[in-house]
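What follows is one structure encoded as C-alpha cells, with my remarks underneath.
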Amino acid sequence: MSMFEEIVGSSPALLRMLSRVARVAPTDSTVLILGETGTGKELIAHAIHKRSHRSVGACVSVDSAAIPVSLIASELFGHEKGAFTGAQGRHLGRFELAEGGTIFLDEIGELPAETQIALLRVLQEREFERVGGSHPIPTNVRVIAATNRNLQAAIAAGTFRLDLFYRLSVFPIEVPPLRERKEDIPILIEYFTKRYASRVGKNIKTVDKATLELFQSYHWPGNVRELQNVVERSVILSEGEVFSVDESWLPREPLQPNPASRHPGGMLVDGQKKMIEAALAETNGRVSGPSGAAAKLGIPSSTLESKIRALKIKKYRFKLG
Numbered sequence: 064m065s066m067f068e069e070i071v072g073s074s075p076a077l078l079r080m081l082s083r084v085a086r087v088a089p090t091d092s093t094v095l096i097l098g099e100t101g102t103g104k105e106l107i108a109h110a111i112h113k114r115s116h117r118s119v120g121a122c123v124s125v126d127s128a129a130i131p132v133s134l135i136a137s138e139l140f141g142h143e144k145g146a147f148t149g150a151q152g153r154h155l156g157r158f159e160l161a162e163g164g165t166i167f168l169d170e171i172g173e174l175p176a177e178t179q180i181a182l183l184r185v186l187q188e189r190e191f192e193r194v195g196g197s198h199p200i201p202t203n204v205r206v207i208a209a210t211n212r213n214l215q216a217a218i219a220a221g222t223f224r225l226d227l228f229y230r231l232s233v234f235p236i237e238v239p240p241l242r243e244r245k246e247d248i249p250i251l252i253e254y255f256t257k258r259y260a261s262r263v264g265k266n267i268k269t270v271d272k273a274t275l276e277l278f279q280s281y282h283w284p285g286n287v288r289e290l291q292n293v294v295e296r297s298v299i300l301s302e303g304e305v306f307s308v309d310e311s312w313l314p315r316e317p318l319q320p321n322p323a324s325r326h327p328g329g330m331l332v333d334g335q336k337k338m339i340e341a342a343l344a345e346t347n348g349r350v351s352g353p354s355g356a357a358a359k360l361g362i363p364s365s366t367l368e369s370k371i372r373a374l375k376i377k378k379y380r381f382k383l384g
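Heads up: the sequence shown begins at 64 in this note's numbering, then just goes up one per residue.
Spelled out as C-alpha cells, the structure:
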C-alpha cells in the first residue's frame, strides 16, 4: 500500500508521483493533474486537499465536460436573479461553495473561451463576478485542475489560452497509466475484491493463477477504473472462494499506446519549448518589457528566464542583427 491510504499501490512510478503530491499538498499552489481517463486524477486532487491547511474546508468537484457550455459560467461563478431566462433567484456558484477550501476542475480543457477568461481572472486577481452581476466578489479558494487532453495541441489549435495554461500549471503532476505500474495489479485486485465481496456478503480467499496472469498481460486502456469495474463484475458473478474472470472480457491482443500518452512529461516540455521559442521569435529575442516574450506569454520575466535556462533555449538566435 502507498503512504496515501486511499491510493493503492507501491510501484516506483506511483511512489514517484505520490512524492510530488506530498510536496505540493501543504502549499497553496495551483496544481495541474495530467493523466489518461481512469487513472484516478480526482483521487489525487482529494488527497492533496486532505493534506493541506484547507482540509477543514470543502473540496468541490466540477466536471467541466458534463456541464452544458451555456451553463458552465453560472455553475462556476453563480448568477444573479434575472441574469437569463429561468434565473428566478440568486444562485451561488461552485467557487462560492468552495470558499476557504479547494475547487477541483476536471476536464479543464473543455472550458469554453469566455469561461477561460473568467477563470484566468480568478487566478490572477482572486475575484470573479456572478453571471448578470456587476460587482467583483473576492475568493479564497485553491484551484486544482485536471485533464486527459494534450493542452499544447489545444493551445496550437486556438481552443485553450496560453496564459491560462501557465497559470494552471504552476505544479504539474503526471499520473502514470496502469500499464506503467503493473506491479500494483495484484494489490489492486486484492483491494477491490475485498471491497466488493464484503458488499455482497461473499468470502473470496484467493485469486486464480490464470486470472492473475491475464490481468498482468492485459493493456488496461481504461486504467484503474476499468480494472475496478472488471473486479466488481467478477465478484458479483463468482460462486466460490476463488476469484476468476471470463477471459473474453480481456482480449490478449496488446494495444499500442500513443507515444504522447506514454510520456506526457516529455510532451509538456516539448510544447513549452515550442511556445517560448515562438514568443521569442515574435519579439526578436526580447524577454521583458510590455512588448517582450514574457508579456506575450502572460508570465513574469523572471519565470520565463528560468524556463529558458532549464530548456536550454538560445535567446541570441532570435535577435536581429
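The C-beta atom is built at its ideal place from N, Cα and C for all residues, glycine as well.
Remember, it's a predicted structure, so these values are computed and weren't measured experimentally.
- I252 sits buried, since 16 or more C-beta atoms from the chains shown fall within 10 Å of its C-beta.
- Taking C-alpha positions only, P284 is separated from L186 by approximately 34 Å.
- Ranking W312, R86, K265 and R244 by CA distance to the CA of E302 puts K265 first.
- Its chain contains L275 as the residues whose beta carbon lies nearer than 7 Å to that of P249, once the 5 sequence neighbours on both sides are disregarded; these appear in chain order.
- Scanning A344, Y281 and A373 for the CA closest to the CA of L360 turns up A344.
- Within the segment 179-241, the complete beta strand (DSSP E) segments at least 3 residues long are 205-210 and 234-237, listed from N- to C-terminus.
- Rounded to whole angstroms, the separation of the alpha carbons of E105 and L78 is 17 Å.
- Taking 8 Å as the cut-off, the Cβ atoms of V204 and I171 do not count as close.
- Each residue's CA atom was taken as its position, placing A76 and I236 some 12 Å apart.
- In this structure, E192 places its C-beta atom within 8 Å of the C-beta atom of I200.
- Excluding residues up to 5 positions away in sequence, G141 lie with their Cβ nearer than 8 Å to the Cβ of L155 in the same chain.
- Counting other Cβ atoms within 10 Å of its Cβ, L241 reaches 16 or more and is therefore classed as buried.
- DSSP places I111 in the uninterrupted alpha helix (DSSP H) bounded by K104 to K113.
- Straight through space, the alpha carbons of E173 and F306 are spaced by roughly 39 Å.
- Runs of the beta strand (DSSP E) spanning 3 or more residues and lying entirely within the segment 244-319 do not occur at all.
- Between G72 and A121 a beta carbon distance of about 28 Å is seen, past the 8 Å cut, so the two are scored as non-contacting.
- The segment 86-102 and the segment 121-133 do not touch, with fewer than 3 CB-CB distances between them shorter than 8 Å.
- In this structure, the CA atom of S365 is about 9 Å from the CA atom of V350.
- Of the residues T202, R153, L227 and E177, the one whose Cα lies closest to the Cα of E162 is T202.
- K144 has its alpha-carbon roughly 48 Å from the corresponding atom of I371.
- By the CB criterion at 8 Å, D247 and S74 fall inside the cutoff.
- Distance from the Cα of Q215 is smallest, within the candidate group V119, I207 and L231, for L231.
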